[in-house]
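Asks: Mind looking over this structure? Questions follow.
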Amino acid sequence: MKKMVSSLLAVSALGAGFAATPAFAEELSVVGSWSSLPLYKQYESPFWTETLPADSNGEITVQMTTHDQMGIGVGDVFRLVNDGVFDVAMTVGDYAVGDAPELEGLDVPLVANTAAEAKAMVEAARPMVDDIFAERFNSKVLAVAPYPPQVVFCAGEVNSLADLKDKKVRGSGRMTTKFLEALGAVGVNVAFSEVPGALERGVIDCAVTGAGSGYSAGWWEVSDHLMTIPLGGWDPVVTAMNMDKWNSLSSDMQSFIMDEVKTKFEAPAWASAADALSNDVACLTGSGACPAGDPASMTLVEVSDSDLAKAKEILTSTVLPEWAERAGNDWVARWNDSVGKTVGVTVPLN
1 MKKMVSSLLA VSALGAGFAA TPAFAEELSV VGSWSSLPLY KQYESPFWTE
51 TLPADSNGEI TVQMTTHDQM GIGVGDVFRL VNDGVFDVAM TVGDYAVGDA
101 PELEGLDVPL VANTAAEAKA MVEAARPMVD DIFAERFNSK VLAVAPYPPQ
151 VVFCAGEVNS LADLKDKKVR GSGRMTTKFL EALGAVGVNV AFSEVPGALE
201 RGVIDCAVTG AGSGYSAGWW EVSDHLMTIP LGGWDPVVTA MNMDKWNSLS
251 SDMQSFIMDE VKTKFEAPAW ASAADALSND VACLTGSGAC PAGDPASMTL
301 VEVSDSDLAK AKEILTSTVL PEWAERAGND WVARWNDSVG KTVGVTVPLN
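Numbering (our numbering), first residue to last: 1 to 350.
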């Protein structure tokens with residue numbers, strides 16, 4: 001694939017503020033996540049195409065597209081950043097676990113039930129994620145932002161976790177799929193964009209994604225029961241820059257970009273996640289005001305305490321030990337000392 005941007009040019013005087021009329025502009029090629037979803041529409045696209053260029057007084061210009069608009073497979077996004085095809089890209093961390101199984105530890109099901117808990121988990125994992133992307137993808141992590149909590153959409157009646165047994169279920173990531181299989185479901189690999197058709201044709205019975213993502217993508221049109229247990233975690237979206245590009249920037253430019261990303265992209269995205277689930281459930285079920293549009297009428301399935309306890313037992317006894325085998329003891333030990341301490345879970349070392 002042909003590279004989208006011109007060669008790098010130096011910038012100066014960032015510490016004292018950008019010049020009103022830049023002599024040299026830094027042009028970035030940026031690939032966003034799903035073009036149809038709120039994270040891209042409300043945060044990614046405005047930040048990269050408007051906020052960052054404006055705040056730099058033109059020192060930074062951006063050419064932006066998304067992987068789905070370009071027809072790029074989600075598993076290829078960070079590989080292409082690694083190769084320098086794009087300067088910056090963002091996609092769900094779970095899409096990259098085929099190349100980096102240790103990255104599964106960024107989004108563990110059931111251990112974060114609120115946005116604050118999810119943010120604490122991500123912050124604890126961030127040093128690991130930084131090292132994973134540097135080693136596996138030759139990339140500098142700029143941000144980790146959340147999708148809404150991952151919930152279960154089903155075509156057909158379900159009333160408990162036990163009802164998922166033998167059903168064909170699309171997971172939102174590898175660890176989620178492993179969890180579903182340990183629960184007795186049949187894990188099916190279906191791309192996000194293909195889920196509505198798969199549900200409609202009966203190829204799958206249920207599917208896991210963010211509540212807001214499912215609403216935006218119209219999953220409620222082909223499913224009728226909504227189970228809000230967070231089987232898929234929060235599907236954090238990682239934003240990363242090619243390391244060679246990053247290292248070519250001046251230290252002042254690097255500091256400027258990191259500060260802008262943290263305060264004007266990452267922080268607002270996390271702030272909106274606090275009320276995301278309640279708003280999204282209202283949109284999907286018609287149980288309250290829907291700020292995103294016309295409400296649907298899905299049946300809300302409340303998960304019992306016994307179901308939740310069963311799910312966590314499966315997570316700790318089966319799912320996390322299997323992940324430890326894929327990731328290796330060194331990464332698991334780091335996870336235990338960081339994320340594990342934050343969420344109160346210890347994964348046995350092999």
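Virtual Cβ for every residue (Gly too), placed ideally from N, Cα, C.
All figures in this text were calculated on a predicted structure; none of them were measured in a lab.
From what residue to what residue does the alpha helix (DSSP H) around Val345 run?
Replies: Run containing Val345: none; DSSP gives neither H nor E here.
Asks: Quick one: what's got a C-beta closer than 7 Å to Val301's C-beta in the same chain, skipping five residues either side?
Replies: The answer, listed in chain order, is Val158, Asn159, His225, Leu226 and Met227.
Asks: How long is the line joining the alpha carbons of Arg79 and Ala124, rounded to whole angstroms?
Replies: Near 25 Å, if we compare the C-alpha coordinates of Ala124 and Arg79.
Asks: Taking Cβ positions, are Ala185 and Leu164 nearer each other than 8 Å?
Replies: Result yes, Cβ atoms of Ala185 and Leu164 sit closer than 8 Å.
Asks: Have a look at Met121 and Ala289 and give me their C-alpha separation to the nearest angstrom.
Replies: If you take the alpha carbons of Met121 and Ala289, they lie about 30 Å apart.
Asks: Do the region 310 to 327 and the region 339 to 347 meet, that is, are 3 or more Cβ pairs less than 8 Å apart?
Replies: Yes, they touch.
Asks: Measure the alpha-carbon distance for Glu221 versus Asp55 and round it to whole angstroms.
Replies: Spanning the two alpha carbons is a distance of roughly 41 Å.
Asks: Hey, how far is the Cα of Arg326 from the Cα of Met175?
Replies: So the two alpha carbons sit approximately 11 Å from each other.
Asks: Assuming the contact rule is C-beta atoms closer than 8 Å, Asp205 and Val237 should be a hit. Round their C-beta distance to whole Å, please.
Replies: About 27 Å; that fails the 8 Å criterion.
Asks: Do Thr66 and Gly32 count as a contact pair if the criterion is CB distance below 8 Å?
Replies: Result yes, Cβ atoms of Gly32 and Thr66 sit closer than 8 Å.
Asks: Between Val108, Val261 and Gly156, which lies nearest to Gly171 when the distance is taken from Cα to Cα?
Replies: When each option's Cα is compared against that of Gly171, the closest is Val108.
Asks: Distance, Cα to Cα, Val81 vs Asp305?
Replies: Using only the alpha carbons, I get a separation of about 43 Å.
Asks: Using DSSP with H/G/I as helix, E/B as strand and the rest coil, what is Thr21?
Replies: Summary for Thr21: the model assigns pLDDT 39, below 50, so the residue's position carries little reliability; its value from the coordinates is reported in the next sentence. The answer is coil: DSSP assigns Thr21 none of H, G, I, E or B.
Asks: Using three-state DSSP, classify Lys178 as helix, strand or coil.
Replies: Reduced to three states, the DSSP call for Lys178 is helix.
Asks: For Glu26, write down the residues that DSSP places opposite it in a beta bridge.
Replies: DSSP output for Glu26 lists Ile60 as bridge partner(s).
Asks: Who are the Cβ neighbours of Ala240 in its own chain at under 8 Å, not counting the five residues just before and after it?
Replies: Answer for Ala240: Phe78, Val81, Val88, Ala89, Met90, Phe133, Phe137, Ser139, Lys140, Val141 and Leu142, listed in chain order.
Asks: Quick check: the Cα distance between Thr209 and Leu110, rounded to an integer number of angstroms?
Replies: Roughly 14 Å separates the two Cα atoms.
Asks: Does the distance from the C-beta atom of Trp270 to that of Ala115 stay below 8 Å?
Replies: Cβ atoms of Trp270 and Ala115: closer than 8 Å.
Asks: Between which two residues does the alpha helix (DSSP H) containing Gln69 stretch?
Replies: Segment His67 to Met70, the alpha helix (DSSP H) holding Gln69.
Asks: Please confirm whether Ala211 and Pro291 have their CB atoms less than 8 Å apart.
Replies: Not closer than 8 Å, so no.
Asks: For Asn279, which residues does DSSP report across the bridge?
Replies: Asn279 is not bridged to any residue.
Asks: Which runs of the alpha helix (DSSP H) at least 4 residues long sit entirely within the region 249 to 273? Give them in chain order.
Replies: Listed in chain order, the complete alpha helix (DSSP H) runs (minimum 4 residues) inside the region 249 to 273 are 251 to 261 and 267 to 273.
Asks: So, using beta-carbon positions, are Gly75 and Gly98 closer together than 8 Å?
Replies: Yes, they are a contact pair.
Asks: Does the beta-carbon of Ala23 have 16 or more other beta-carbons within 10 angstroms, so that it is buried, or is it exposed?
Replies: A caution first: Ala23 carries a pLDDT of 45, below 50, which makes its placement in the model unreliable, though a value can still be read off. By the 10 Å Cβ count, Ala23 comes out exposed.
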